[in-house]
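Chemist: Handing you a structure now.
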Amino acid sequence: MCSVVGYNGPRPCRQMILEGLSRLEYRGYDSSGFACIDSTSKIAQVKTQGGIEQLSLKIAAQQGQKQELNGAIGIGHTRWSTHGVSSDINAHPHFDCHKTTAVVHNGIIENFVFLKEKLQLLGHHFISQTDTEVVAHLFEDELKNQSLEKAVLSVVTKIQGAYALLVISEKYPDYLIAIRKSSPLCLGVSSTETFVASDVSAFAGQVDQVVFLPDESFAIISKSGYHVYNFFGERIYPPVQKSTCTWTAEGKAGYAHYMLKEIYEQKRVIIDTVNFLRSHKSAGMQQLNVSHELIQELKNIHFIGCGTSWHAGMIGEYFMQEIAQVSTQSFLASEFRYKKFFPYPRTVTIIISQSGETADSLEALRLLTASEQPTIALANVASSSMVREADGFLLTQAGQEIAVASTKAFTAQVAALYLLAHWIAYIKGLVTTQAIARAEEELFVAGEILENSIERYKFDIITRIAPQYAHYKNFIFLGRHISFPFALEAALKLKEIAYIFVDCYPAGELKHGPLALIDAQTPVVLFSCLDETIYKKLYGNAQEVKARSGHLIVFAFEHQKDLIALADTVFIFPKVNPLLAPLVMTGLVQFFVYQIATLLERPIDRPRNLAKSVTVE
Ligand code: M6R
Numbered sequence: 000m001c002s003v004v005g006y007n008g009p010r011p012c013r014q015m016i017l018e019g020l021s022r023l024e025y026r027g028y029d030s031s032g033f034a035c036i037d038s039t040s041k042i043a044q045v046k047t048q049g050g051i052e053q054l055s056l057k058i059a060a061q062q063g064q065k066q067e068l069n070g071a072i073g074i075g076h077t078r079w080s081t082h083g084v085s086s087d088i089n090a091h092p093h094f095d096c097h098k099t100t101a102v103v104h105n106g107i108i109e110n111f112v113f114l115k116e117k118l119q120l121l122g123h124h125f126i127s128q129t130d131t132e133v134v135a136h137l138f139e140d141e142l143k144n145q146s147l148e149k150a151v152l153s154v155v156t157k158i159q160g161a162y163a164l165l166v167i168s169e170k171y172p173d174y175l176i177a178i179r180k181s182s183p184l185c186l187g188v189s190s191t192e193t194f195v196a197s198d199v200s201a202f203a204g205q206v207d208q209v210v211f212l213p214d215e216s217f218a219i220i221s222k223s224g225y226h227v228y229n230f231f232g233e234r235i236y237p238p239v240q241k242s243t244c245t246w247t248a249e250g251k252a253g254y255a256h257y258m259l260k261e262i263y264e265q266k267r268v269i270i271d272t273v274n275f276l277r278s279h280k281s282a283g284m285q286q287l288n289v290s291h292e293l294i295q296e297l298k299n300i301h302f303i304g305c306g307t308s309w310h311a312g313m314i315g316e317y318f319m320q321e322i323a324q325v326s327t328q329s330f331l332a333s334e335f336r337y338k339k340f341f342p343y344p345r346t347v348t349i350i351i352s353q354s355g356e357t358a359d360s361l362e363a364l365r366l367l368t369a370s371e372q373p374t375i376a377l378a379n380v381a382s383s384s385m386v387r388e389a390d391g392f393l394l395t396q397a398g399q400e401i402a403v404a405s406t407k408a409f410t411a412q413v414a415a416l417y418l419l420a421h422w423i424a425y426i427k428g429l430v431t432t433q434a435i436a437r438a439e440e441e442l443f444v445a446g447e448i449l450e451n452s453i454e455r456y457k458f459d460i461i462t463r464i465a466p467q468y469a470h471y472k473n474f475i476f477l478g479r480h481i482s483f484p485f486a487l488e489a490a491l492k493l494k495e496i497a498y499i500f501v502d503c504y505p506a507g508e509l510k511h512g513p514l515a516l517i518d519a520q521t522p523v524v525l526f527s528c529l530d531e532t533i534y535k536k537l538y539g540n541a542q543e544v545k546a547r548s549g550h551l552i553v554f555a556f557e558h559q560k561d562l563i564a565l566a567d568t569v570f571i572f573p574k575v576n577p578l579l580a581p582l583v584m585t586g587l588v589q590f591f592v593y594q595i596a597t598l599l600e601r602p603i604d605r606p607r608n609l610a611k612s613v614t615v616e
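Counting in numbering that gives the first Met the number 0, the sequence shown runs from 0 upward without gaps.
Here's what the structure looks like:
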């Protein structure tokens, strides 16, 4: 999951490409690079380990050298390593033997080992460990005796996998080639210039028309415009759309990290999500694109997602079952894709994703589309592939989330699912409009509590609690019923930004094995529930931990005196609707984890080995 950005037009392109890449850096940031066709029609290039900041420093250090990096046709890349470590050599662009063709790539060339061996036997010399380099060497051969179009067609018959490729070559110095299979790629067009990028935000503000390249197609981009072809070599005419994407450079607004800023934006995100869905109720229902008849007869709702979005779906299961009274199941996209699939009648599948680009979720969506199952994308990015490809969509209003660890997007997903459950219940005749208004009010209250609880414990967490827990090597997180998926989400945050090992269990499973792990060196974090029956069971589980000298951190509600009395450390919340218990705890647990990670001096917004948007399998 890398990002690619290219340009062909009248202007020097380096700065624009670097700006585009920095907007897409959430997709990968372990190395970066740029290449252009210079004024003598030669390729000039620079690449480095590290993100755009390091690349800019390297470019500045090279100023005055004979390489000209000021061409008006160029390509750029930020990388999230799949094949080969992060290094200057493995950074893109990659080149053929004579450095006359440069390639940047997002995706994976699955048969690269086979191709590489074949090319090596033909005398090609490879220098990187990447899968991408084979593409440059293939072009070296294919560009020898045929047209650009034929060369592209020949290369795509040889490579397997997923790819968004940008290619420039000294053999055709006036052209930029963009090729797409599975990985997203779009053109930003005007009458005088053409951008190409993994995502529209790269060129937002530069041009306002966008062409989403269809799957298995390529574009030959010249100064006078572009031509698009399918993989049979036929000219095709994908629609030119007005781009609604705008770009505002989001600063940290005085916060030390984007994650902290985004934690504090959550109350606002809940308000925005509720207000948006309220004012767009009829439009929103239309965008869902599911008939009232189908909703009334709905047998199943399926959620599909990855990471945080999967956890939001698991919480949403409880909303759908209890409020809308529809049997609901959540699936991990990466598992769903490889299980035997039985199309279900009267079933709607909701793909949950912040980015709308996560490869596993997108492929699961495509599988469902191919089986003619109704799909809805619940996404935060309006221009994303999932929103375009699903039958219907519902947009969360989290705004741009920059920190890799998801915070406010999760909150927006949970709030949207809560309202969606009420909408479905209303169409089924189970609740009145007053119940919907009450649900909106409950969400506003939950947002207040979320923020107030951070304020209430802030000082203690910073001065005492985070320092007390930052040096533990392992944690166990427990939840039950609706607090179990929330415990999974909280555990993911601690792993992801603090690099602390966490095992997370449904509390009822303790006695089936994990109880053997309980000792004073492994704090147990237990998330309570408001349902009385579940609470009693959870209290029993807390007793089991204490009886084995375990150290207990509890997130509880104010009337839960017995549980509170057992805890070594406790965070107490006011009572809310039991289904919204996870939402009110969200901000505080994120803040707690954030403070631990800060004490451990972790790179909060960009944890090691990760990227914001996982666009490869
Ligand atoms: O963009 P998506 O919601 O589809 O992303 C799915 C996961 O990659 C994402 O939620 C990930 O788990 C978060 N970084 C966790 O904080």
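Built from N, CA and C at the ideal position, the CB exists for glycine as well.
Taking the continuous beta strand (DSSP E) assigned at Phe476, which residues delimit it?
Modeler: 473-478
Chemist: Count the other CB atoms, across all protein chains shown, that sit within 10 Å of the CB of Asp518; report buried if there are 16 or more and exposed otherwise.
Modeler: Answer is exposed; the Cβ neighbour count stays below 16.
Chemist: Report yes if the C-beta distance between Val4 and Gly27 is below 7 Å; otherwise report no.
Modeler: no
Chemist: According to the Cβ coordinates, are His310 and Leu487 closer than 7 Å?
Modeler: The answer is yes: Cβ separation under 7 Å.
Chemist: So does the segment 483-498 actually touch the segment 597-607, counting three or more Cβ pairs closer than 8 Å?
Modeler: yes
Chemist: Taking its Cβ as the centre, do 16 or more other Cβ atoms sit within 10 Å of Gln433, making it buried, or is it exposed?
Modeler: The residue is exposed, with fewer than 16 neighbouring Cβ atoms inside 10 Å.
Chemist: Which one of Lys180, Glu148, Thr374 has the shortest CA to CA distance from Gln286?
Modeler: Selected option, being the one with the closest Cα: Thr374.
Chemist: If you drop the 5 nearest sequence neighbours on each side, which residues of the same chain put their C-beta closer than 6 Å to that of Ala378?
Modeler: Ser352, Gly355, Met385, Val386
Chemist: Please report the Cβ distance between Ser216 and Ile235, rounded to the nearest whole angstrom; I am assuming they are in contact, meaning their Cβ atoms lie under 8 Å.
Modeler: 6 Å
Chemist: Thinking C-beta only, is Ile349 closer than 7 Å to Phe330?
Modeler: No, Cβ-Cβ distance for Phe330 and Ile349 is not below 7 Å.
Chemist: With a threshold of 16 other CB atoms inside 10 Å of the CB of Glu261, please say whether the residue is buried or exposed.
Modeler: buried
Chemist: Please report the straight-line C-alpha distance between Phe443 and Lys266, rounded to a whole angstrom.
Modeler: 8 Å
Chemist: Compute the minimum distance between the beta carbon of Gln353 and the heavy atoms of the ligand M6R, and state whether it is under 6 Å.
Modeler: For Gln353, the shortest C-beta to heavy atom distance toward the ligand M6R is below 6 Å.
Chemist: Closer than 7 Å by C-beta to Asp527: which residues in its own chain qualify, once you throw out the five before and the five after it? Chain order, please.
Modeler: In the sequence as presented, Asp is not what sits at residue 527; that position holds Ser. Cβ within range, chain order: Ser482, Tyr534, Leu537, Val553, Phe554, Ala555, Phe556, Gln559, Leu562.
Chemist: Using CA coordinates, which residue listed in His93, Gly106, Phe138 is at the minimum distance from Phe125?
Modeler: His93
Chemist: Could you work out which residue in Ala34, Phe111, Leu598 is closest to Met15 when comparing CA atoms only?
Modeler: Ala34
Chemist: What's the gap between the Cα of Thr614 and the Cα of Lys545?
Modeler: 44 Å
Chemist: Counting C-beta neighbours from all protein chains within 10 Å, is the total for His97 16 or more, i.e. buried, or is it exposed?
Modeler: Exposed, by the Cβ-count rule.
Chemist: State yes or no: is the C-beta of Phe111 within less than 7 Å of the C-beta of Val133?
Modeler: yes
Chemist: Can you grab the Cα-Cα spacing for the pair Ala218 / Tyr228, in whole Å?
Modeler: If I take the Cα positions, the gap works out to 6 Å.
Chemist: Report yes if the C-beta distance between Ile423 and Ile294 is below 7 Å; otherwise report no.
Modeler: yes
Chemist: Please state the DSSP three-state secondary structure of Arg10.
Modeler: coil
Chemist: Along the chain, which unbroken stretches of the beta strand (DSSP E) at least 3 residues long are found entirely within the segment 367-443?
Modeler: 374-378, 391-394
Chemist: Under 6 Å from any heavy atom of the ligand M6R, does the C-beta of Ala404 make it?
Modeler: yes
Chemist: Looking at the secondary structure, which residues open and close the alpha helix (DSSP H) in which Gln119 lies?
Modeler: 111-120
Chemist: Can you tell which of Pro581, Ser30, Gln44 has the C-alpha that lies nearest to the C-alpha of Ile314?
Modeler: Pro581
Chemist: Nearest-angstrom Cα distance between Gly428 and Glu321?
Modeler: Spanning the two alpha carbons is a distance of roughly 14 Å.
Chemist: Helix, strand or coil, according to DSSP, for Ser85 in the structure here?
Modeler: coil
Chemist: Pick from His421, Leu137, Ile42, Leu175: whose alpha carbon is nearest that of Gln324?
Modeler: His421
Chemist: Given 6 Å as the limit, tell me if Cys305 has its C-beta closer than that to any heavy atom belonging to the ligand M6R.
Modeler: yes
Chemist: Could you tell me whether any non-hydrogen atom of the ligand M6R is closer than 6 Å to the CB of Val380?
Modeler: no
Chemist: So what does DSSP say about Val273, is it helix, strand or coil?
Modeler: Three-state DSSP puts Val273 in a helix.
Chemist: By the DSSP assignment, the beta strand (DSSP E) with Pro505 in it spans what residues?
Modeler: 500-505
Chemist: Give the list of continuous beta strand (DSSP E) stretches no shorter than 3 residues that lie fully inside the segment 555-614.
Modeler: 568-572
Chemist: Under 6 Å from any heavy atom of the ligand M6R, does the C-beta of Ser384 make it?
Modeler: no
Chemist: So the candidates are Tyr171, Gly204, Leu551, Asn89; which of them puts its Cα closest to the Cα of Gln128?
Modeler: Taking only the C-alpha atoms, the option nearest Gln128 is Asn89.
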